[in-house]
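The numbers in our numbering rise by one with no breaks, and the one at position 71 of the sequence shown is 71. Worksheet for the structure shown next.
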Amino acid sequence: MRILGANFFIAPALVDTPIGGYRLEYQVDNGLNLEERAIRIVIDGKFQAVDESDTPMDARCELSAEFIFNVEDLKQYMDGVDKNTGMNLMHPSLGATVMGIAFSTFRGIVFTRTQGTFKDPLILPIVNPRKFLEDINRH
């Protein structure tokens, strides 16, 4: 796991202004290398502070992290080949498992990295990894 980038910004005028919440946006990129038995997941998160009326404030955070998972006998977890792209399809259970581990770790990184940057640490919601993958793949 490595952090690819982290940017935090809060306008000086907002230092003593309460933050009402955050708008969250995620992008996920993944890759698979059967020969190396590796799965790569990159999660990019953008977090925009909003005031009590849900209006964006001049405070935001962007964080990107890469996760590499080495899986013994990875080929046995393949679920065929996509007819349109020719890419290997991973069994949904393995995909959900590695996504769950990656996102849970990402939550911890965001929490730790945002302590002391905005009034409180940013706590991301717990997600269902299968549903999260389905939602990401739809967009």
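Where a beta carbon is used, it is the ideal one built from N, C-alpha and C, also for glycine. If you're wondering where the values come from, they're calculated on a predicted model, not measured in any experiment.
_Buried or exposed for Val28, going by 16 or more other Cβ atoms inside 10 Å?_
Buried, by the Cβ-count rule.
*Would you decide whether Leu24 is buried or exposed? Buried here means 16 or more other CB atoms lie within 10 Å of its CB.*
Around the beta carbon of Leu24, fewer than 16 other beta carbons sit within 10 angstroms, so the residue counts as exposed.
_To the nearest angstrom, how far is the alpha carbon of Asn70 from that of Cys61?_
Asn70 and Cys61 have their C-alpha atoms spaced approximately 30 Å apart.
_Status (buried if at least 16 other CB within 10 Å, exposed otherwise) for Val110_ = Burial call: buried.
_Helix, strand or coil for Gly5? Go by DSSP, reduced to three states._
Gly5 falls in the strand class under three-state DSSP.
*What did DSSP end up calling Ala102 once you bin it into helix, strand or coil?*
Assignment of Ala102 by DSSP, reduced to helix, strand and coil, places it in the helix class.
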